[in-house]
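*Asks:* Residue numbers (our numbering): 238 to 391.
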């Protein structure tokens, strides 16, 4: 299970976004407080940190074994707090990163076949650099991806 937290001293919008994305992907949200990266590393092998720019959530960073593996810069639309279940997440469209990184159903041949066969309530619709997060076809939020930096060759 993935773990997600915020940078230190986050604003209200960043905390709200972090809790909503954690609920969307079925991740465990923890309040960071004064925890260092080492403390987070002791809790989980891989974890996400949401950082902010000018009080808005703007950077989503994946750490594995304490090393930064992926960094996604983004802007986000209004965040709707919607009651969600623990169902799996499916990506629709060409995702620029492997959906498995998020704990979602992979975009492999088998994953695409599974997504067609069952109607998953949680979807991330990817169109160019716009990622639309939907729960039962209701918009949770929209993320405009500005950049993706990967430290991993695959």
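Ideal placement from N, C-alpha and C gives every residue a C-beta, glycine not left out. Quantities reported herein were computed from a predicted structural model and do not represent experimental measurements.
Go through its chain and collect everything with a Cβ distance to residue 260's Cβ below 6 angstroms, but skip five positions before and after it.
*Replies:* Hits under 6 angstroms: 321.
*Asks:* On the three-state DSSP scale, how would you describe residue 316?
*Replies:* DSSP places residue 316 in coil when its eight states are reduced to three.
*Asks:* Report, in whole angstroms, the separation of the C-beta atoms of residue 363 and residue 371, which I expect to be a contact under 8 angstroms.
*Replies:* That belief does not hold up - the Cβ atoms of residue 363 and residue 371 are roughly 12 angstroms apart, past 8 angstroms.
*Asks:* Output yes or no for whether 8 angstroms exceeds the beta carbon distance between residue 252 and residue 243.
*Replies:* In this structure, residue 243 lies closer than 8 angstroms to residue 252 by Cβ.
*Asks:* Could you pull out every residue in the same chain whose Cβ sits closer than 6 angstroms to the Cβ of residue 239, ignoring the five residues on either side in sequence?
*Replies:* The residues are 264 and 340.
*Asks:* Mind pulling the beta strand (DSSP E) runs of 3 or more residues that sit fully within the segment 238 to 282?
*Replies:* Runs found: 240 to 243.
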